[in-house]
Structure formats: structure tokens, C-alpha cells
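K.L.:
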Amino acid sequence: MRYKIYDITQEYATDADSGQQLYDLIHPQLIADNLVELDFTGVTIYASAFFNFAIGQLLKDISPDKLNTLLKIPELDPDAHSILKRVIDNAKRYYSDPQYQNAVDTVLEEYAASF
Amino acid sequence: MTTVISIPNIYIASEHYNHLFNIWYEITQLPQTHLDIALDFQDCTFLSHNGVAFLGGLAHFVQSLGGTLEFSWDTLHPKIRTNLAQNGFLDSFGFEQAPWNGNSIPYRIDLQSSRTSVIDYLIHKWLNKDWVSISPALQNAIAGRVWEIYDNAFIHSQTEIGVFSCGQHYPQKKQLHLSVIDFGIGIPAKVRSLTKNLSLSSPQALEWAFFPGNSTATPDISRGMGLHLLQEFLTENQGSLKIFSNDGYIGIKDGKVEYKQQRINFSGTFVNITFQCDESYYRLASKLPLWDEPLF
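In order, the protein sequences belong to chains A and B.
With this note's numbering applied, the first sequence covers 674 to 788.
With this note's numbering applied, the second sequence covers 484 to 779.
1) I need the straight-line Cα distance from residue 598(B) to residue 718(A), nearest angstrom please.
2) What separation, rounded to the nearest whole angstrom, lies between the Cα atoms of residue 594(B) and residue 600(B)?
3) Taking only three categories from DSSP, how would you classify residue 783(B)?
4) By the 8 Å beta-carbon criterion, what residues does the stretch 508 to 521 of chain B contribute toward chain A?
5) Comparing the C-beta of residue 632(B) with each C-beta of chain A, is any distance below 8 Å?
6) Give the residues from the stretch 582 to 602 of chain B that approach chain A closer than 9 Å (Cβ to any Cβ), ordered along the chain.
7) Does the distance from the C-beta atom of residue 670(B) to that of residue 688(B) stay below 8 Å?
8) Measuring alpha carbon to alpha carbon, tell me which of 711(B), 662(B), 686(B), 685(B) ends up nearest residue 697(B).
9) Check the Cβ of residue 737(A) against every Cβ in chain B and list those closer than 7 Å, keeping chain order.
10) Could you give the residue range of the beta strand (DSSP E) that holds residue 743(B)?
11) Comparing alpha-carbon positions, which option in 573(B), 509(B), 495(B) lies nearest residue 488(B)?
12) In chain B, which residues lie with their C-beta within 9 Å of the C-beta of residue 759(A)?
13) Identify each residue in the stretch 614 to 642 of chain B for which the Cβ-Cβ distance to at least one residue of chain A is less than 7 Å, and report them in chain order.
14) Could you confirm whether any beta carbon from chain A is found closer than 8 Å to the beta carbon of residue 670(B)?
15) Is the beta carbon of residue 485(B) closer than 8 Å to that of residue 521(B)?
16) Residue 677(B) by DSSP, collapsed to three states: which one?
17) Give the range of the beta strand (DSSP E) segment to which residue 485(B) is assigned.
18) Starting from residue 526(B) and walking both ways along the alpha helix (DSSP H), at which residues does that stretch end?
19) For residue 729(B), which of helix, strand or coil comes out of DSSP?
20) Measuring only between beta-carbons, confirm whether residue 730(A) sits less than 8 Å from chain B.
21) Measure from the alpha carbon of residue 774(B) to the alpha carbon of each residue in 684(A), 749(A), 701(A), then state which is nearest.
22) Taking Cβ positions, are residue 524(B) and residue 558(B) nearer each other than 8 Å?
23) Taking the beta strand (DSSP E) that residue 589(B) falls in, what are its first and last residues?
24) Taking residue 555(B) as the reference, which of 591(B), 576(B), 758(B) has the closest Cα?
25) Name the chain B residues whose beta carbon is nearer than 7 Å to that of residue 688(A)?
26) Taking just the CA atoms, how far does residue 633(B) sit from residue 650(B)?
27) Using CA atoms only, rank isn't needed, just tell me which of 757(B), 729(B), 754(B) is closest to residue 748(B).
28) Should the stretch 637 to 645 of chain B be called in touch with the stretch 729 to 746 of chain B, which here means at least 3 C-beta pairs below 8 Å?
29) Can you find a C-beta in chain B that's less than 8 Å from the C-beta of residue 675(A)?
30) Give the single residue among 741(A), 683(A), 752(A) whose Cα lies nearest to the Cα of residue 765(B).
31) Is residue 670(B) near the ligand SAH, with its Cβ less than 7 Å from a heavy atom?
32) What residues of chain B sit near residue 679(A), judged by a beta carbon separation below 7 Å?
33) Using only CA atoms, which one of 719(B), 692(B), 608(B) lies nearest to residue 736(B)?
34) Quick one: any contact between the stretch 620 to 636 of chain B and the stretch 718 to 728 of chain A, if contact means 3 or more CB pairs under 8 Å?
35) Give the DSSP bridge partners of residue 552(B), in chain order.
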């Protein structure tokens, strides 16, 4: 399945909402072991929030090996690639290290509970 | 009763930011009955973009306290008046004088997150082709990193009066500056809202906010890369950054990061970012990813 990101974000792939929208489309496909290709043609500006929600959170329940096999992102702008790579490294640490995730989530839950 | 506050010269040096925080502090100490304020510019012969953005925001801040802030327009030095006309500041305060293009990058207010409008502003007004000699790819990379500042302000600051910006092109230094200000709770206060961070000083809280993966946003999603990516980009590309937030300061210059304690506890965040206008200062063009490496 091929997804044209421009149709979701227009030129600027920078916000969490658009990222979540893309995640909601591709996550079921990847869980079902279907190949997914992301086409970023026409997208010019990227920010970490978009990638955190669209790609980073895939690592919650899909292994890196499986994502390397099933998710293809050809011809991504080099700068966007460098942002995505950093987001993925951060997400891998977050979702694969229970201690790290617990530490971060505990403080965040305390924060949420304080309201 | 009108309280008159005199505005000094405002340059981009740190002590001049402190002049602005002094003015803010003075206002916060006034009783409600003295919140009708007039800003007098007789002693001001230079007002840099940081001052423009701050004073614009200050007017809205005073309004939010139930007062009024008026600019004594007749005390403006003619050069400053021209500059305020050119960057749209006068226009935003009701003067029928449309801005025009020049070295000042327009003053703007964003009451809420307006992603497309802000990025268009960064690309077309700030990173203007007339003074920036960089490729479209680099232009986009810079705009994306600077957007992280706005995104932080909109998502985390809890500002009720918006986000204020103004920029300046310095042709002799071949530099581009942009100031972005909110009058929200401040980054250190937000960081300390997490129980485990309660004991952090403001400089330590800023350091925490810049550490990769640290975020005060909603749980369950890995986040907290925006400020770190910005820092990394500035360090690699000879950019610089000053952030004053609460009584903390972080400065990034020449690849070095400095955290300091500030005297005044400003409720909000004041960012000034500087980029070089010439692509030769940037490493981006020569830095290509290793495409053969697995992404995950």
C-alpha cells in the first residue's frame, strides 16, 4: 500500500495531528504484515512532532526488524531523513527500555494527575 | 492615573534583554489602579527587533491584567518610527500605514497555533531571497527547526495572549535574527510541574528541556526531540540562540552551550535565534544520510 503524505500534510509535515492521521492509516497495514510505502513528494518542511506520531510510535508494538522489512520510505529529503533517524533512535530507546519508559511515564502521569 | 515608563536603547546584547525584563517586572509590581501605562521613547534612539516584539507583547500583557498600555508615539525618534512603520508594528496598533519590505522582518502576533502562516512567514519574510544566499533545501531545514520554537510556545507555554515575533536582517554582519516571545508560564516552570523535577533550578530545568527525549507533553508517545534537534542544528551550522525563561537563561554560540541564572523571574519565554545568511557556513549540504543503513 502506498501513501502520499502530501495529501495529509500538504507542504509542511510538522504537526502531531497529521502524524497521528498517518499512523492511523499505516499501523493496521503493518500489523497485518502488509508492505507500506510512504511517498513524501511535494513535502518540503519537517518537524519532529510529525515523525514522533507517524513513525516513532509504530515501535510501540512492531519490532524494528519487521519495520525495516515492511515500511519503505524512498527518496526522503536528506534533512528529513536525519530528523526521522533521531526520532526513531529516541523511540527505540523509549519503547524498548521499560525502565526508561517507566521513568518518563511516571513523571508524566504525576503531572497529569496534578490537574 | 497614568504610569509613565521610559524606554532605553534596546540592542541585542543580554543586558538589553534585562532592561526589558526590568520594565516587565516594574509593571507586575504596579497596583491595579496604576495599570494605565504610557511608554515614553525620548531616551531611546535604537530599538532592535527584540525590543519591538517584546513591547508589542507587553501591550497585550498589560491589557490581560486589566490595564492599558499606550505608546507615546510623538516621542519616537524618526528612525525608530520609520522602522516601526516598515515592520508593520504601527499598522498592528491601528495606524493606517501598510508595512513595506526592508531589512526589518515583520512584527507579527499569533493568537493560536497557525502552522502554515508561521512557516510561510519564516520562508518568505524571514529567510528572504533578497538577503539569504542559501539553497531551498537549507531554507526548508532552517524553517523546520525554527518552527520547533513556535510549536513549543503554542503547545507548552499556556500563553493566553499569543506569541509575538519580529526579526531583523543585519547586512553588514550577514546575519538574520528572529525573536519569538510568549508571556506564558515559562519553560522551567513547566519542567518543574513534573514532580521529579521540583527541585531543579531554572538553568537546570532548561538543561533538562534540551536533553533528547525529555518532554512535559502527554505520556505514551516518545517525544522531546524538538529543542535538542534545534540545538544540534545551531551548533553544527554556526547559528546562535538565547533563551530567557523564568529566571533561567540558555545561550548557544560557537558550538558552546551556557546556562545561567537570571536576576528577574520573567513569566514567559523570550527566544532570539541567529543564523548566517551564507550557505558556506552550513554543514547540511555535505551531510548525506547513509541510505544503505536500516532506518529502524
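Each residue gets a CB set at the ideal place from its N, CA and C atoms; glycine is no exception.
P.N.:
Checking against the coordinates, here is how it stands:
1) Cα to Cα, the separation comes out at about 11 Å.
2) So the alpha carbons of these two residues sit roughly 12 Å apart.
3) For residue 783(B) there is no data in the structure shown, the boundaries of chain B being 484 and 779.
4) For the stretch 508 to 521 of chain B, the beta-carbon criterion of a distance under 8 Å to any beta-carbon of chain A is satisfied by none of its residues.
5) Chain A contact via Cβ: absent.
6) The stretch 582 to 602 of chain B vs chain A, Cβ under 9 Å: 596, 598, 599, 602.
7) Closer than 8 Å, so yes.
8) The residue with the shortest Cα to Cα distance from residue 697(B) is 711(B).
9) Going along chain B in sequence order, the residues near residue 737(A) (Cβ under 7 Å) are 779.
10) First-last of the beta strand (DSSP E) with residue 743(B): 739 to 759.
11) For the residues 573(B), 509(B), 495(B), the minimum Cα distance to residue 488(B) belongs to 509(B).
12) Per Cβ cutoff of 9 Å: 695, 708, 711, 712, 715.
13) So the list reads 620, 623, 624, 626, 627, 630, 631, 634, given in the order they occur along the chain.
14) Residue contact with chain A for residue 670(B): absent (no Cβ-Cβ distance below 8 Å to any residue of chain A).
15) Taking 8 Å as the Cβ cut-off, residue 521(B) and residue 485(B) qualify as a contacting pair.
16) When secondary structure is reduced to three states using DSSP, residue 677(B) falls in the coil class, being assigned neither helix nor strand.
17) In the DSSP assignment, residue 485(B) falls within the unbroken beta strand (DSSP E) covering 485 to 489.
18) Careful: residue 526(B) lies outside any alpha helix (DSSP H) and carries neither H nor E.
19) In the displayed model, residue 729(B) falls within a strand according to three-state DSSP.
20) Chain B, which has a Cβ nearer than 8 Å to the Cβ of residue 730(A), makes this yes.
21) The option with the nearest alpha carbon to residue 774(B) is 749(A).
22) Closer than 8 Å, so yes.
23) 587 to 593 is the extent of the beta strand (DSSP E) around residue 589(B).
24) Relative to the Cα of residue 555(B), the nearest Cα in the group 591(B), 576(B), 758(B) belongs to 576(B).
25) In chain order, 598 make up the part of chain B whose C-beta sits under 7 Å from the C-beta of residue 688(A).
26) Near 14 Å, if we compare the C-alpha coordinates of residue 633(B) and residue 650(B).
27) Shortest Cα-Cα distance from residue 748(B) to any of 757(B), 729(B), 754(B) involves 729(B).
28) With a cut-off of 8 Å, the stretch 729 to 746 of chain B and the stretch 637 to 645 of chain B do not count as touching, because too few Cβ pairs lie within range.
29) No, no contact with chain B.
30) Out of 741(A), 683(A), 752(A), 752(A) has the C-alpha closest to the C-alpha of residue 765(B).
31) With respect to small molecules bound, the structure shown includes none, and the ligand SAH cannot be examined in it.
32) Using a Cβ-Cβ cut-off of 7 Å, residue 679(A) is close to nothing in chain B; its nearest Cβ partner there is about 14 Å away.
33) If we check each option's Cα against that of residue 736(B), 719(B) comes out closest.
34) Yes, since at least three Cβ pairs between the stretch 620 to 636 of chain B and the stretch 718 to 728 of chain A fall closer than 8 Å, the two stretches touch.
35) DSSP output for residue 552(B) lists 520(B) as bridge partner(s).
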